[in-house]
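Working notes for the structure below.
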Amino acid sequence: MKLGRALWSLGSLLINVTIIIHQIMARRMPAGDPAGRFDYVIKNWDIYGLNWRVEWVLMAMIAAGAIFFAIRTRTLSWAIISGGQVLLLLTYPVLLAGYLGGSLPMATLVNRLATEIFVSGNMLFLAGLLHLYLTDEQLPLWARYPAAALALVGVLAFVGCNFGLLTLSEIVVAAPVLQLLYVVNSYYGLIVPLSRQRSSRDARVSVSRTGARPQRVSS
Numbered sequence: 502m503k504l505g506r507a508l509w510s511l512g513s514l515l516i517n518v519t520i521i522i523h524q525i526m527a528r529r530m531p532a533g534d535p536a537g538r539f540d541y542v543i544k545n546w547d548i549y550g551l552n553w554r555v556e557w558v559l560m561a562m563i564a565a566g567a568i569f570f571a572i573r574t575r576t577l578s579w580a581i582i583s584g585g586q587v588l589l590l591l592t593y594p595v596l597l598a599g600y601l602g603g604s605l606p607m608a609t610l611v612n613r614l615a616t617e618i619f620v621s622g623n624m625l626f627l628a629g630l631l632h633l634y635l636t637d638e639q640l641p642l643w644a645r646y647p648a649a650a651l652a653l654v655g656v657l658a659f660v661g662c663n664f665g666l667l668t669l670s671e672i673v674v675a676a677p678v679l680q681l682l683y684v685v686n687s688y689y690g691l692i693v694p695l696s697r698q699r700s701s702r703d704a705r706v707s708v709s710r711t712g713a714r715p716q717r718v719s720s
């Protein structure tokens, strides 16, 4: 149980580092020029390749933690989160295989495929988080409602991207919103299971005390 919580929380926290690196690299990437963007990635392959590999590991940690919670709680929220997270894992092998030793046409095709997978996975992942934070009363209200609002914004953004109303580049601008949500996710993984354990333990103690209390006999 501790391992599942640790994977979810640590992965959710550290993923922000790779997101920041992507943001820094994206600012320097040529805009509107597929050939220039491809050359930029190839020239900086040491950074992109390593960052994608590290991000895959962190995403796998989050997926493992989500699957743990799905099995443990048997709730719809965690089932959706797990499905979205597993789908997101497919993004990185596609990118690594497409860019490494590939051509511009191949990289363009692979980038489109990876984008579709990334958008679909995030729609599921964020929809699951939205349902979780709207229904799970274990998280404090000061974190629960802002997290639900952030998840809703994320869902709407990726749905808009899925239907061509927004581009992925436009969504990337709002990456800090997703980063903040990952921080809340990390907090959730550390705090909520402990609270549930404590509540269960207190309930057992209360029952045992009640059972041990002698009953009064009315005369």
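Quick note: to get this note's numbering, add 501 to the position in the sequence shown (first position is 1). Yeah, the Cβ is synthetic: ideal placement off N, Cα and C, and Gly gets one too. Computed from a predicted model, the values in this text were never measured in an experiment.
Neighbourhood of residue 697 by C-beta, 6 Å cutoff - its chain only, sequence neighbours within 5 removed: Its pLDDT being 45, under 50, residue 697 is placed unreliably by the model, and the measurement read from it follows with that caveat. Same-chain partners within the cutoff: there are none.
Cα-Cα separation between residue 563 and residue 657, rounded to whole angstroms: 22 Å
Helix, strand or coil at residue 609 [DSSP, three-state]: helix
Outcome for residue 702 when other beta-carbon atoms lying within 10 angstroms are tallied against a minimum of 16: Interpretation of residue 702 is limited by its pLDDT of 41, a score under 50 that renders its predicted location unreliable; no figure is taken from the coordinates.
CB contact flag (residue 633, residue 572, <8 Å): no
Neighbourhood of residue 538 by C-beta distance below 6 Å, restricted to the same chain and skipping five residues each side: 530 and 531
Residue 695 in three-state terms, based on DSSP: In this prediction, residue 695 scores a pLDDT of 43, lower than 50, which makes its location untrustworthy; the coordinate-derived value is nonetheless stated afterwards. Of the three classes helix, strand and coil, the one that applies to residue 695 here is helix, per DSSP.
Beta carbon of residue 690 nearer than 8 Å to that of residue 579: no
For residue 601, the nearest candidate out of 523, 544 and 682 (CA to CA): 544
Residue 664 - DSSP class collapsed to helix/strand/coil: coil
Contact check, residue 628 vs residue 685, beta carbons under 8 Å: no
Cβ shell of residue 516 (< 6 Å), same chain only, five flanking positions each side left out: 559 and 683
Buried versus exposed, by CB contacts within 10 Å (16 or more), residue 519: buried
Length at least 4, wholly inside the region 533-582: the alpha helix (DSSP H) runs in chain order: 535-544 and 546-574
Three or more C-beta pairs below 8 Å linking the region 583-594 and the region 612-627: yes
Backbone CA spacing between residue 650 and residue 677 [nearest angstrom]: 14 Å
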